[in-house]
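Numbering (the working numbering), first residue to last: -7 to 585.
Pasting the structure below:
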């Protein structure tokens, strides 16, 4: 495989370095490795590479105790370094392993082609052959739109949401009954059913995709397929209604009690057969790669996959939200697309003598890594209460046969009582301190520990910094990381909560910093913002937006050795409104008006 993993050996020659770190890194999400599998809050590998190269020599060892999808491992391979990755989540370990090992893409495609000839193509025709009323077309369904229906509060006639909206635009809260003309708020009325209303098919004779109303024969076929006996295993893990994401996503209104409830009958049958057949593949590497494609397919095939008139139909990342218009995909078509995407990933896989070792376990216990054996730590811990990975991953993770122990997750959990696994900010701080203490133990004396973080709550910021200090790490540098888009954070913005856009990469060292501790976070933040606005070009720009200014303000406060006490995003917005001039969504100094 390559160089033996130093985590299993006594300390090796020190390959750490301390070259200057980038002040700003812009990330692209278009790489094959980034798009191989969905996961919340991923950091693109290309954004991690500059930090690894500035902190290690070639052949050095990088660790990530909150590995998530394994992007730190991919970045290490890209620049000729070894890596040790760890995560509490079996699903994250599944992703980390598959993102950091090469599989013969030609062999994988051959196996899938054989599956198609032997059973998959035939079953696909049986399950997904569909015909449309207008135009009169028959073919294999690519996806089927299911719409919520409501009973009109005035006349009691069923109102199908799809029939009373313009699907090209956002769903309105108030809809009109075609029967009596009564207008009502659909969010205050329980839906009565979900009905197939539109099908997109690939015509049998070839040509472009066509969409339209399904025929009675197609509706009967969907019912008939759904009535078939389930012959293979489907995960039926109970979902505790006290889970944070269960509550946020109002799953009690959707009848969700187990993982199996996240899948409509037809996708459930298709996934069960596909998973069963993948398990029979003899080649272990190919089998694991196909399971890698399968878990992403399962996520896409859930009821969370929402209709989007502009394309890109997919579930909302970072939630368990089930929409009113569900886009049920052809499971086999999604799987083939995932396999093709993996093929591109494996074709571009970095070659070299370095390797990545992946473990399943808590970041608070890295006993399998020797003292002072790691040259650099780069990690992206949970952001307080923003994302509950154990909740978000369970829909696809359960197909692996094991789910994350969310009682051990390092998050702020407000939905549960403390005696039932709830966690306060103090608990979050304590667990982070244990994790960072382990990071300090394994890193070499002149090594660095970089932590990707952001949160709109100053209490969470302070908890992070206190945890770092308790662990014996000291602030060195702060960099801005622009991930390129909001991803799952957009969901929270729609709920009225301001969420910062840019992440910070805060780098710490085991040796003591000489920067004195200061007070007055608001004044320090304003000084940073004034200096920044005085240096950038005139006119509107993203660098004048609240999100960007908040990032550099918090970074500047931390860099000065102070705590961002009281500097929540709301408080910072007030600070800017009071001391700066705002035009549209951009802020200016007084002299710039």
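Where a beta carbon is used, it is the ideal one built from N, C-alpha and C, also for glycine.
For residue i, the three-state DSSP class (helix, strand or coil)
{"i": "residue 573", "result": "strand"}
{"i": "residue 296", "result": "coil"}
{"i": "residue 9", "result": "coil"}
{"i": "residue 86", "result": "helix"}
{"i": "residue 77", "result": "strand"}
{"i": "residue 428", "result": "helix"}
{"i": "residue 318", "result": "strand"}
{"i": "residue 385", "result": "helix"}
{"i": "residue 405", "result": "strand"}
{"i": "residue 566", "result": "helix"}
{"i": "residue 350", "result": "strand"}
{"i": "residue 67", "result": "helix"}
{"i": "residue 546", "result": "helix"}
{"i": "residue 507", "result": "Summary for residue 507: the model assigns pLDDT 47, below 50, so the residue's position carries little reliability; its value from the coordinates is reported in the next sentence. Three-state DSSP puts residue 507 in coil, outside helix and strand."}
{"i": "residue 303", "result": "coil"}
{"i": "residue 324", "result": "helix"}
{"i": "residue 283", "result": "helix"}
{"i": "residue 159", "result": "coil"}
{"i": "residue 250", "result": "strand"}
{"i": "residue 579", "result": "strand"}
Burial state of residue i, where buried means 16 or more other Cβ atoms lie within 10 Å
{"i": "residue 489", "result": "Confidence at residue 489 is low in this model, with a pLDDT of 42, below 50, so the placement of that residue should be treated as unreliable; the coordinate-derived value is given next. Exposed, since its Cβ has fewer than 16 Cβ neighbours within 10 Å."}
{"i": "residue 230", "result": "exposed"}
{"i": "residue 16", "result": "exposed"}
{"i": "residue 391", "result": "buried"}
{"i": "residue 5", "result": "exposed"}
{"i": "residue 316", "result": "buried"}
{"i": "residue 161", "result": "exposed"}
{"i": "residue 135", "result": "buried"}
{"i": "residue 406", "result": "exposed"}
{"i": "residue 0", "result": "Residue placement at residue 0 is poorly supported in this model, since its pLDDT is 47, which falls under 50; the coordinates still yield a value, given next. It is exposed - the Cβ of residue 0 has fewer than 16 other Cβ atoms within 10 Å."}
{"i": "residue 522", "result": "exposed"}
{"i": "residue 305", "result": "buried"}
{"i": "residue 190", "result": "buried"}
{"i": "residue 149", "result": "exposed"}
{"i": "residue 528", "result": "exposed"}
{"i": "residue -6", "result": "Model confidence at residue -6 stands at a pLDDT of 41, short of 50, so the residue's coordinates are unreliable and nothing is read from them."}
{"i": "residue 200", "result": "exposed"}
{"i": "residue 213", "result": "buried"}
{"i": "residue 125", "result": "exposed"}
{"i": "residue 477", "result": "Low confidence applies to residue 477: its pLDDT is 49, below 50, so where it sits in the model is not reliable enough to give any reading."}
{"i": "residue 575", "result": "exposed"}
Check whether residue i and residue j have beta carbons under 7 Å apart
{"i": "residue 193", "j": "residue 202", "result": "yes"}
{"i": "residue 440", "j": "residue 499", "result": "yes"}
{"i": "residue 560", "j": "residue 458", "result": "no"}
{"i": "residue 289", "j": "residue 251", "result": "no"}
{"i": "residue 293", "j": "residue 323", "result": "yes"}
{"i": "residue 81", "j": "residue 566", "result": "no"}
{"i": "residue 67", "j": "residue 339", "result": "no"}
{"i": "residue 346", "j": "residue 74", "result": "yes"}
{"i": "residue 40", "j": "residue 370", "result": "yes"}
{"i": "residue 356", "j": "residue 426", "result": "yes"}
{"i": "residue 278", "j": "residue 100", "result": "yes"}
{"i": "residue 224", "j": "residue 257", "result": "no"}
First through last residue of the alpha helix (DSSP H) which encompasses residue i
{"i": "residue 439", "result": "That residue, residue 439, is in no alpha helix (DSSP H); its beta strand (DSSP E) goes 435 to 445."}
{"i": "residue 519", "result": "513 to 527"}
{"i": "residue 495", "result": "From DSSP, residue 495 is part of no alpha helix (DSSP H) but of the beta strand (DSSP E) over 495 to 501."}
{"i": "residue 116", "result": "113 to 120"}
{"i": "residue 138", "result": "Per DSSP, residue 138 belongs to no alpha helix (DSSP H); it is in the beta strand (DSSP E), 130 to 143."}
{"i": "residue 462", "result": "450 to 462"}
{"i": "residue 37", "result": "37 to 47"}
{"i": "residue 208", "result": "208 to 218"}
{"i": "residue 101", "result": "97 to 107"}
{"i": "residue 238", "result": "236 to 240"}
Start-to-end residues for the beta strand (DSSP E) that takes in residue i
{"i": "residue 474", "result": "466 to 474"}
{"i": "residue 204", "result": "202 to 204"}
{"i": "residue 260", "result": "Counting along the chain, residue 260 falls outside any beta strand (DSSP E), though it belongs to the alpha helix (DSSP H) covering 257 to 270."}
{"i": "residue 167", "result": "166 to 168"}
{"i": "residue 186", "result": "183 to 195"}
{"i": "residue 371", "result": "366 to 371"}
Distance cut-off 6 Å: residue i Cβ against heavy atoms of the ligand ATP
{"i": "residue 192", "result": "The ligand ATP is not among the ligands present in this structure, which contains no ligands whatsoever."}
Any 3 or more C-beta pairs closer than 8 Å across the stretch 299 to 313 and the stretch 383 to 391: yes
Does the stretch 165 to 177 come into contact with the stretch 138 to 154, if we say contact requires no fewer than three beta-carbon pairs (one atom in each stretch) closer than 8 Å? These segments touch.
Assess, as a yes-or-no matter, whether the stretch 150 to 159 is touched by the stretch 119 to 130 under the definition of 3 or more beta carbon pairs within less than 8 Å. no
At least three beta-carbon pairs within less than 8 Å, the stretch 226 to 246 to the stretch 89 to 96: The stretch 226 to 246, when compared against the stretch 89 to 96, does not touch it at the 8 Å Cβ threshold.
Quick one: any contact between the stretch 511 to 521 and the stretch 541 to 549, if contact means 3 or more CB pairs under 8 Å? yes
When you compare the stretch 329 to 337 with the stretch 24 to 31, are there three or more beta-carbon pairs, one atom per stretch, that lie closer than 8 Å? yes
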